[in-house]
Each structure stands twice: as structure tokens, then as C-alpha cells.
Amino acid sequence: MEGTLKSDNETASYSWAKVGHVDSLNLEAARIPSSKTHSLKPNWITTLSLAFQSIGIIYGDLGISLLYVYDSTFSNGIQDTNDLLGCLSLIIYTIALIPFVKYILIVLWANDNGDGGTFALYSLFCRYAKVSLIPNHQPEDRQLTHYKLHIPSNQIKRAQMIKHKLENSKFAQLLLFLVTIMSTSMVIGDGILTPSISVLSAVSGIKKKSPSLDQGAVVGISIAILIVLFAVQRFGTDKVGFTFAPMVVVWFLFIGGIGLYNLFKYDIGVLRAFNPKYIVDYMKRNGKNGWISLGGIFHCITGSEAMFADLGHFNVRAVQISFSFVTFPALVCAYSGQAAYLRKFPEQIGNTFYNSIPHPIFWPTFVAAVAASIIASQAMISGAFSIIQQSQSLGCFPSVRVIHTSAKYEGQVYIPEINYFLMIACVIVCAAFRTTDNTIHAYGISVCMVMLVTTSMVTLIMLVIWKTSILWIALFFVVFSAIEIVYLSSLLTKFVQGGFLPLALSLCLMSIMGIWRYTHVKRYLFELNNKVSGEYLRELVSKKVISRIPGVALVFSELVEGVPPLFAHVVSNIPYIHSIVVFVSLKSIPIGKVELHERFLFRQVQPKEYRIFRCVVRCGYNDVIGEPKEFEEHLIEHLKEFIRHQNFTHVVVVEGVDIEQTDYHSFKDGRGSFKQITPLPSSHQESNTAVNVSRASSDSIQSFGVLSRISNPHVQDVEEEIAFVQRAMERSVVYMLGEAEVVAEPNSSVLKKIAVNHIYNFLRRNFRQGENLMAIPRSKLLRVGMTYEI
């Protein structure tokens, strides 16, 4: 069945605050018990265990970078051995300032309920200020356990002024969104470049022991390793921390030990590089060439963003401990040892690390290097999966199949389509660039730009949310943005030599995400403007020609209020509806996880005997809906709880709501006495009875500042109603999904027609549809075709 709807171009009301009656979903979203997921403070044993696991997941890229930092910095050879002191000084202070001071001491605390990364920063800010492109400050959004911010009571004028300006500037909101998707697109690009450069640089060490092997053989071996790496992704990364951590710890022991050996054997005097004056001397001596060489030095901190992006697997203290006591000292020893070796043998700059390895431990170190390069690749591939999942959940990416590979680690996912795309792209990059030097040119630009975006967004959070002193904010922004801009300017000199690749890839991904998000927003607003009125719904259902058949119909829509136009289209063409109808809205919330007892919100559409309900299913970007059978069971169980509790103890009115517009007979005030309330007229559209199934006692209701009523319990009627729901579920459950084709209005611009009519619809046709994402059996699926003109 198909139909066409046109937008009425009326401005939609995004909040229920202006609605004349009290919405039960509004009331349902009142305060609920706080979750223990992130509030429990882990003991030291747990923290140390997480710290050990984090070594195997986070630091592979940081640890493998020393294979090529000196080589890329002195690509034309070492002209003056004193330059090594300046280079080492730059490396030491870069690692100390960016990964340690910026990320470990500051940025990690800007997490979103334990989750890190650019999307976490964006969702954190969207929760505090109304800057999301899709309305996300409705009551069912903000009143979540994980969706609360405990803001200091003293309101700072500066923070409120900035917040007000951002909320009233469409340009600022669009810019914030574009910067977010640009950063995430570049991280996905790193998922292609990191495996290529890491594996290629590690395998190239074999040429020292087997000179007969040419570069073609090295590239072939690297491609074979990459194919195997991506082929095993489908097995998931469960227990990945304990599996990989010993290997990475061995790698850090090797590089730290080799560094100390070379330091004491060749030139302990390189420790003078801790004096920053050698940086000044280096830049004076080399001028423009010194500035260009910063692009090579920058690679000593590639992988730093992973400490923040992968934070959701661990906690802040665990990451701080593992970096401070393992990674940081090992890196300083390794780079110092290489500098000492090169002071003695400057002509061996071509393959510094492998040349500096003592002969007896070459092969164990080589094996550890290859293992570490694979682990570094694994971290970026897993990060790309997580970002795609978050993008999809927030309506920024076409639908793909997301497989959760671990019940223990909630952030571990596998996406088959993205995995094979990354594999093909990595093989192409490895075969096209062939050498580490060429690949490095394409690598640093995107990493540095992501760091600059993180600096800017954390500064915004400091201004508006943390309300930090303006002096500390200025110091943070000026120091770190200046460092990153200087490095970025040097890296851009390699643009035509391969640096264009990550930018071109990011631009392509940004275009896909931007067009998908734009059309997604327009489609949402279209449905919001064209929702079915209560009067029209009652008129449809009350018609004698419409029959009720046994079963449950789950009508899916993105609307969180009102009845979607899809339902009116169905009943006007098919003269029957199921005995129980539930309008289901899968509401993506910009947080990591919504607890199961907070996930389902119900409201009954009047008249009660029609057995029509509305349900909002709130999902965080790390949540998985589950198999259809499991989803049905959870939904029906919560529906039965809703029916049971709405006849006994209810949450009724939040403080401040006009009592005269409610339909309740009485309420209990703070002193425990009951007062009468004038009932609503019979024309009131929908039942204002709501239930918070996690709280039944009136005492706890009073403690949260709400009013309640006690109705006459009709136990037998309630149990019969619940039994009716159970029988209907056992009889049949039908999923009704809209197959909406979105097209631009005839008077739209050419650019809009290309984006909506061609690009968006091409992506929609060639990616997974809703029934595939939930694995809905075809026997339970009813697809309804409609056309939306936006």
C-alpha cells in the first residue's frame, strides 16, 4: 500500500511544556532511582586489573610509533648530531604535554558517563544546552539516570550567556555538528591508515636479516597479515584486554630495556635533552627545515586520542595509572636510547629501531613488534566500529548490522560491512604507498586535526558546563591549540605527497553523514507536523467497518508524542486492526546506555476499551535492542506492569503543573491528607495515567515532589486485562514498519534534490532496512509504503 503526504510547513512544537493537558509520558519520565553502573567507585584491585587490560587495548599505536619517528624526522639524513638533542627534547616534551597533561590530567575527566571520544563530548554538550539538530530536551530524554547533570547552584553569568547564544544560533549548532562528524570521520580514516603503516613498518624490519627480500615481498607479507587481521574480526574482542595486554607489556619491556641498554652503552649525555633550550637551538639552527621536520616528530603521539576514545572500556584512574607507570617511562627510555645510538651511528638513520637492537634479541623483538603492530591496528579498527555504531544510533549514518560480541564489555561491537570496507581500503593503501615513508605523509594530518577538535570542544565544556576560571581555560586553550596548530602547519606541507588521502576520505564520510542526518531531521519534523489528532483516531477506530482481530500490532515511528500518519494510512486502506495496538518509538538518547527498567515508557490512548497504547523505547548509543522475541517479551512485560500499576498507585503531576487541567479525583499532599480535584470534561483526549514501575510506594513519590492519587482497585478486571494482553501476544505479534520514500518538494533547489532524491535514497536502498536490523521474521513483518515530500 502506498500514499503521499505533503508537509504543512508549520512550525512543530518540540516540548510538551506548552501542551494543555498533562502527558503521561511526561510524568513517567520523572526522577527515577539512580543507577549503580557508573556510580560505584571501583576498588584498587579492580582499578589495577583495568589498568593492566588497558595496556593491551589503548597503547599499541603509541608504542609502535617509535619504529619510524626518527626516520621520518630526518628523511634527508642527519646533518648535525646536535640536532638529535633538539629532536629528543621535542619528543619528550610533546609526550609530556599532549598525552600526559592534556589527555591524562584534563580531557579524560570530560567523559560522558564514562564514555569518551568526540561523540561523547558532543552528546554531553547537547544534554546541557539545546544545540542538537533533533529535539532532545523533551522530558523522556532529560529525565534519565544517565541523562542528569549535577550543575553547581551558583550560576555563572559567562556560562549562561554562552549557552544562550549557542541555543539561539543555528549556525553555531550546525558548526558544532559538522566539527563532530568531521572529527569522527577522520578517526574512521585512521582505522584505514593505522593498520597499513603499523604492519608495514613492523614487517620492514625483516629486511635487516634477509636483505634478499625486496620491498614487494615486504608489501605482500604486510597485505597477508592485514587480510588475516580483518578476517578474525568476526570472532569479536571479548577478553581482548587480558589476551593482548601481556604482549604489549612485553613490547614495552623490550623497547624500554633496549633504550636503557643503548643509552648507557653509547651516550648517556643525550639526557641533556630534558633541558628545553635544545629545542630553541634546534629551531634556530635548522629554520624552515626544522619546522618541516615537526611533522615527523608529531608521530610520537599518534594514538593519544585512543586513551580518550576507548575510555568506556575502563575508567579514568586505570588509564592514568597504566600511562604514567608503564607507557610514559618506556617511551622516554626508548626514544632516548635511539638518540644515543644515532649519536654514535648517524648514518644508520634509515632503519633506526631495528639497527639499534642487540643481536641476541633481534628475533624476539621482531616478533613482539609485529604483534604490537597488529594490536595497534586492532584498537583503531574496534574504534571505527564503535564510532559507526554511535553515528548510526544518533541518526548520522545509514543502517548497518551491528553485532555485540561481548556481554561483559558493552562497547565491543563488530560491523561486517565496515570490516570488509576497511580491509579493502587498507590493502589498497598498503599496495599503493608501498613504503612507510610514503604512508606516514598521509597519516598525521587527520590525527592532529582530531586533537585540535578535542581541544576546542573541551574548552567549550570548561566554559559552559564545568564553569572553570577563565584564566585556566585560556591557558588550556592557548597552550594546546598553539602546539597542535604548529604541528598541523608542518604536516600540511606533506599534503600533495599523500596527506590529501585522509582529508578526501573524511570529506566523503562527512558528506554521507551530513546528508543522512539532514534528511533524517527533515523526515522527523515532517512526521511531527503531520501526526494524527486524537479526534481523528477515535473516529477511525469507532467506525463499524473496522474490525479487531486477535494479536498485537507494533506500529513503529520516530514520534515520541501523538499518533504517526502511518497508522491513519493503514486503517483507511485495510478495514481491520489488531486487538492490541502499540505505537512504538525507538528514541535514540545521546548517552551510552539506558537501564532496562528505564527503557520502556507507556501511555494509554483513550477510550480505554480500544486497547491502544503509546510506547517510547529509549536506547543509548551502546544499547542493543535484541532479538524480536526478547524485545517482544520485554515490551509486553512492561505493558502488563503499566496496566497493573495504573489501577493502583500512580505518579500523577509534577510540581508546577496546573491541577485544574488534570482528570484526577484526589491527591495526597506532603502532610499525608487527601484533597479533591475537579475532574476533566469527558472530551479530554487521552488518559493521563502514568506509572513508574520502579517505584510504587507513595512515600518515595512524595520525596520526589510529585502528587499522587489512589484509585479503587479492580483486581479482577486488571488481571483479566493482563491475561488478555498475554493471549494476544501468544496469538500473534506483527511489526508494522513504514517504507517511506523521502523526496524533495518540487520547488526545492537543485542541490537539495540531488542530496535527497538521489544520494539519500541510494544510501537507503543499498544499506540495511529496519527489519534487517532487528532480524524480524518475514512472517511477522508488514511494510507500509508512503512518500514524504520535504
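Here my numbering is used: the first residue of the sequence shown is 691, the next is one more, and so on.
Each residue gets a CB set at the ideal place from its N, CA and C atoms; glycine is no exception.
Strictly by DSSP, which residues pair up with residue i?
{"i": "K1277", "result": "R1308"}
{"i": "G1475", "result": "E1429"}
{"i": "R1238", "result": "I1267"}
{"i": "R1033", "result": "Per DSSP, none; premise fails for R1033."}
{"i": "L1291", "result": "V1306"}
{"i": "Y1104", "result": "I1093"}
{"i": "V1423", "result": "V1242"}
{"i": "D805", "result": "D802"}
{"i": "V1272", "result": "L1244, F1303"}
Between residue i and residue j, which are expected to be in contact by the criterion C-beta below 8 Å, what is the C-beta distance as a whole number of angstroms?
{"i": "V908", "j": "I1065", "result": "Actually they do not touch by this definition, with Cβ atoms about 20 Å apart."}
{"i": "G1310", "j": "K1283", "result": "4 Å"}
{"i": "Y1425", "j": "F1246", "result": "7 Å"}
{"i": "A1122", "j": "F944", "result": "Not quite, the Cβ-Cβ distance comes to about 31 Å (not below 8 Å), so this is no contact."}
{"i": "V1063", "j": "V889", "result": "It should be noted that the sequence gives Ser, not Val, for residue 1063. Indeed they touch by this definition, with Cβ atoms about 5 Å apart."}
{"i": "L774", "j": "V960", "result": "7 Å"}
{"i": "G1027", "j": "I1108", "result": "So it is not a contact: roughly 39 Å between Cβ atoms."}
{"i": "Y1266", "j": "I1236", "result": "6 Å"}
{"i": "I1333", "j": "E1435", "result": "With a Cβ gap of about 43 Å, I1333 and E1435 do not count as contacting."}
{"i": "S1014", "j": "L752", "result": "Actually they are not in contact, since the Cβ atoms of S1014 and L752 sit about 13 Å apart, beyond 8 Å."}
{"i": "E1225", "j": "L1249", "result": "About 17 Å separates the two Cβ atoms, so there is no contact after all."}
{"i": "D1482", "j": "L1001", "result": "Shown here, the chain extends from 691 to 1480; a query on residue 1482 therefore has no answer."}
Quick one: residues in its chain with C-beta nearer than 6 Å to the C-beta of residue i, no 5 flanking neighbours on either side, listed in chain order?
{"i": "H1328", "result": "F1290"}
{"i": "I1175", "result": "none"}
{"i": "M1147", "result": "L811"}
{"i": "F1167", "result": "T1149"}
{"i": "L650", "result": "The structure shown does not extend to residue 650, since the chain is modelled only from 691 to 1480, so the question has no answer here."}
{"i": "S875", "result": "S1196, L1199, M1200"}
{"i": "L1472", "result": "V1424, M1426"}
{"i": "Y1133", "result": "L883, I887"}
{"i": "I754", "result": "S888, A1062, S1063, A1066"}
{"i": "A1445", "result": "I1205"}
{"i": "V1272", "result": "L1244, F1303, C1305"}
Given residue i, which residues of its chain have a CB within under 7 Å of its CB, disregarding the five upstream and five downstream residues?
{"i": "A810", "result": "N801, D802"}
{"i": "R1468", "result": "none"}
{"i": "A996", "result": "I748, D751, A1069, G1073"}
Shortest alpha-carbon distance to residue i belongs to which of the options?
{"i": "E1313", "options": "I1279, V1433, E1331", "result": "In the sequence as displayed, the identity of residue 1313 is Asp instead of Glu. Comparing Cα-Cα distances from D1313 to each of I1279, V1433, E1331, the minimum goes to I1279."}
{"i": "I1205", "options": "N1451, L866, Y1478", "result": "N1451"}
{"i": "V1119", "options": "Y758, I887, T1145, L795", "result": "I887"}
{"i": "Y749", "options": "F1018, V893, D904", "result": "F1018"}
{"i": "I768", "options": "I1039, L787, G776, S1046", "result": "I1039"}
{"i": "L1453", "options": "N1263, E1320, I1202", "result": "I1202"}
{"i": "N1447", "options": "A1194, S1439, V1432", "result": "V1432"}
{"i": "S1067", "options": "V1090, P885, C1023", "result": "P885"}
{"i": "H1287", "options": "S1275, H1324, H1259, L814", "result": "H1324"}
{"i": "P1048", "options": "K899, L903, C1138", "result": "K899"}
{"i": "R1007", "options": "I913, L864, L919, Q743", "result": "Q743"}
{"i": "C777", "options": "I917, G980, D957, V877", "result": "G980"}
{"i": "V1222", "options": "P1088, F1185, S1262, G1134", "result": "S1262"}
{"i": "I896", "options": "V1022, L1181, T1055", "result": "T1055"}
{"i": "G1475", "options": "E1285, Q1406, H1259", "result": "H1259"}
{"i": "S1136", "options": "Y1104, C1116, L1178", "result": "L1178"}
{"i": "I1093", "options": "F1111, S1072, G1085, L1112", "result": "S1072"}
{"i": "I850", "options": "G946, K792, R1091, I1155", "result": "The identity of residue 850 in the sequence shown is Gln, whereas the question assumes Ile. Ranking G946, K792, R1091, I1155 by Cα distance to Q850 puts I1155 first."}
{"i": "G985", "options": "K1184, D957, Q905, G746", "result": "K1184"}
{"i": "S1180", "options": "K792, H989, G881, Y1300", "result": "H989"}
{"i": "T1042", "options": "S765, C1305, E1229", "result": "S765"}
Which same chain residues, not among the five before or five after residue i, have their C-beta less than 8 Å away from its C-beta?
{"i": "P1240", "result": "H1268, S1269, R1417, A1418, R1421, S1422"}
{"i": "S873", "result": "T808, M1139, V1140, V1143, T1144"}
{"i": "K847", "result": "none"}
{"i": "I1151", "result": "A800, L811, L814, F815"}
{"i": "I915", "result": "V889, V893, V1060, I1064"}
{"i": "T737", "result": "N1005, R1007, A1008, I1011"}
Quiz prompt | Runs of beta strand (DSSP E) wholly within the stretch 1177–1264 (minimum 3 residues, chain order) | solution = The stretch 1177–1264 contains these whole beta strand (DSSP E) runs: 1237–1247.
Self-check item: In chain order, each alpha helix (DSSP H) run of at least 4 residues that lies wholly inside the stretch 929–980
Solution: 930–956, 967–976
Exercise. Would you mind listing the alpha helix (DSSP H) stretches within the stretch 840–876 that are 4+ residues and don't spill past its ends, in chain order?
Key: 847–857
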